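If you count the sequence shown from 1, position 112 lands on 112 in the UniProt record's numbering, and the numbers rise without skipping.
These notes concern the structure reproduced below.
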Amino acid sequence: MTEQQHNEPQHSEPALTIANLRPTYDGKPFPGSELPTIEQAVAEAQQYVDRSWKEDGSFVTWPEHEEWGANYGPLSLYTGAAGVAWFQLAKLNSELAEDGDLDRLNKALSYLETHWSILTEPDHEFISVDPDTGYCGGLAGIAAVVAEAAARYERWRLLAVNIADALAERYRPGEGWTGLSPLWGDAGILNALLAIGKALGEQRYTDVAVQAGEDLLAKEIRDDDGSHWPYMHLHDMSERYASFPDKAMIDGFLEGGDGIALAFSNLALATGRDDFKEAALRALDTVKTKAIVVGDSAISRNLNESGQARFGLCSGSSGYIRIYTAVARISDDPADTIGWARRFGRGLIRSGVPGRLAQDNYWLLSQCCGGAAVLEAFTALWLETGEELWFQAASAQADDLLIRSWSDKLGRRWYTESYALRDVGRLKAEVGYQVGAAGVALSLIHFHQAKRSHDDGVHFSTPRLPDEPYVTNDDGFPFAGV
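Spelled out as structure tokens, the structure:
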């Protein structure tokens, strides 16, 4: 399939080809190659997610191995009940909502209500490689989810305010929260507070976020390589970084400094301030220098240990598509900026995606590192541009996720891996949003909504997390023809 040209080199580029993962013979599916519908897959994934709740009301992150202690614990957006609550909230706002979903949402939020304050206590028992205030593993991500729920269901407003207040009160002027600059640290927390302030209509959270943004401005390092923000105390984050020096700067959307551009973009949108806008553009100019560009396509230089491209959100191409999309909303030259998002999308396709997984990280299917993140990126590129290429790529990527799923009496799940988390090499079928069934199923829901809009003109809206810069509905394609 050949794409309509946007911001392309003038010479002819090789055609982009998207794999057909639905083989047919004489116009019918080849025997044994049939796939479940997305409706069926999501319903069966829900069955598996439901198994995360034990009879005593406790939450387990891997139902088949209740002893498993997920890195980010049972509360977090990343692996815990907050991520499950987000899945239930998004599902409730989709055409795949079913009886019991509101009860499921309330169950997850009630669990958070009972246990969230543990993260404010020293030496608590919950495993995490993230700061207690952080977005992925701590209070910021939990607060963002509860705030979005509270915007729709008033009964959760008090809980949302209590968690957000605890988060805001831990801000230290000039220092922030964590000593970590990226979205995994202070940029992620302030970005969450911006969204929380908007969801709850509370200016005080926006004010704290702006102060923290000013702190980030002061920490900017400008040199011949561009603008950077140090990743402080990197070795404290996980064993993977034990050999890194303090102030090491690494690439990536979540774990590296590159996602800071998204936080500055959101600060600029919230305040109208030029200093935040200019910081976002400087950060993006530096991100551009990290791309490996081949013709009309690009990948990140942040290759894995075997020199293979990374495709996911945390450190790969899907994360860079988010960065460029966010900055395009504030850029004076959105055609160039969204053109880079397209370039990374084409880089995914020219890398063999859908169909190929990264060598070493050979079975990456999650929202964080793998296939679900890719599906979100392709779906979003269609929603942002209206270009058929991205819809077809998303369709094939959804098929790829269906092919790699496993379903039995326990429900449907995805056995997946992450290079950065512990017990590397062991495939795990967790339930969480970023690493498990809830997140993969949500990526399928988002594509299903887009497909109904594409095929039948059925309008939709969907909630978005603070680090998702994409449109919330299909009222129009903001970058169509740009």
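Built from N, CA and C at the ideal position, the CB exists for glycine as well.
Here the structure is a predicted model, which is why all the values come from computation and not from measurement.
Quickly, what does DSSP pair residue i with across the bridge? List them, please.
i    : result
R452 : DSSP lists no partner for R452.
S297 : V294
P29  : T24
W53  : F59
R172 : G176
S461 : N473
T416 : K428
Please return the same chain residues whose Cβ sits closer than 8 Å to the Cβ of residue i, not counting the five positions on each side in sequence.
i    : result
W406 : R412, R413, W414, Y415 and A429
G80  : F59, T61, A70, Y72, G73, P74 and G432
K198 : T206 and A270
P9   : Caution is warranted here: a pLDDT of 49 is assigned to P9, below 50, making its placement in the model unreliable, and the coordinate value is therefore given only provisionally. Around P9: G295 and D296.
K290 : D251, D258, S300, R301 and N302
T24  : F30
State buried or exposed for residue i, treating a residue as buried only when at least 16 other CB atoms are found within 10 Å of its CB.
i           : result
I321        : buried
residue 485 : Look at the range of the chain in this structure, 1 to 482, and you will see that residue 485 is not part of it.
S12         : exposed
M237        : Residue placement at M237 is poorly supported in this model, since its pLDDT is 48, which falls under 50; the coordinates still yield a value, given next. Counting Cβ neighbours within 10 Å, M237 comes out buried, since at least 16 surround it.
P182        : buried
E98         : exposed
A15         : exposed
V146        : buried
V294        : exposed
D223        : exposed
T462        : buried
P469        : buried
P122        : exposed
A335        : exposed
T337        : buried
Q5          : With a pLDDT of only 44 at Q5, under 50, the local geometry of the prediction cannot be trusted, and no value is derived from it.
E255        : buried
Q203        : exposed
H446        : buried
residue 483 : Lying before the first or after the last residue shown, residue 483 is absent from the chain, which here runs from 1 to 482.
D474        : buried
P173        : exposed
N20         : exposed
For residue i, which residues of its own chain have a beta-carbon under 7 Å away from its beta-carbon, when the five flanking residues on both sides are left out?
i    : result
R170 : T133 and W177
D275 : L217
R143 : Per the sequence shown, the amino acid found at residue 143 is Ala instead of Arg. The answer, listed in chain order, is A160, I163, A164, L167, A192 and I196.
P36  : L402
Q88  : D101, R104, L105 and A108
L365 : G371, A372, L401, R404, W414, T416 and V440
H115 : L75
Which first and last residues belong to the alpha helix (DSSP H) in which residue i is found?
i           : result
G141        : L139 to R152
D224        : Unbroken run through D224: none, as it is neither H nor E.
D404        : The sequence given here has Arg at residue 404, not Asp. First-last for R404: undefined, no H or E at that position.
residue 484 : Since the first residue of the chain shown is 1 and the last is 482, residue 484 is not available in this structure.
G197        : D186 to L200
G411        : Run containing G411: none in the alpha helix (DSSP H); it sits in the beta strand (DSSP E), G411 to R413.
E384        : G371 to T385
Q40         : I38 to D50
Q88         : A81 to L92
L357        : L357 -> no alpha helix (DSSP H), and no H or E assigned at all.
D333        : Run containing D333: none; DSSP gives neither H nor E here.
V287        : D274 to T289
I250        : I250 -> no alpha helix (DSSP H), and no H or E assigned at all.
A261        : I260 to T271
H115        : D101 to H115
Pick out whichever of the options has its Cα sitting closest to the Cα of residue i.
i           : options                   : result
E39         : A480, D399, L16 and G425  : D399
A41         : G457, L410, L200 and G481 : L410
S76         : C136, K54 and K91         : C136
H459        : P466, A450, L465 and D467 : A450
S33         : R22, G27, L180 and D207   : R22
residue 521 : H448, N473 and I323       : Absent from the model: residue 521. The displayed extent of the chain is 1 to 482, so no value can be given.
E387        : A326, F479, N473 and A328 : F479
G188        : A151, E66 and L267        : L267
E220        : E121, T271 and E278       : E278
A43         : G226, A438 and W68        : A438
L112        : K91, G352, V287 and W86   : W86
S331        : G347, S300, G352 and A280 : A280
H228        : F264, L200, L194 and A209 : F264
residue 502 : L194, R452 and G201       : For the chain, the structure presents residues 1 to 482; residue 502 sits outside this window and is missing.
D215        : A45, L180 and Y78         : L180
Taking 7 Å as the line, does the beta carbon of residue i fall inside it for any heavy atom of the ligand SAH?
i    : result
A280 : Absence of the ligand SAH from the depicted structure is noted, as is the absence of any ligand whatsoever, leaving it without description.
Less than 6 Å between C-beta atoms, sequence neighbours within five positions excluded: which residues of the same chain meet that for residue i?
i    : result
G319 : F253 and L313
E3   : Here the model assigns E3 a pLDDT of 44, short of 50, so the residue's position is not dependable and the matter cannot be decided.
Q47  : G411
W340 : Y324
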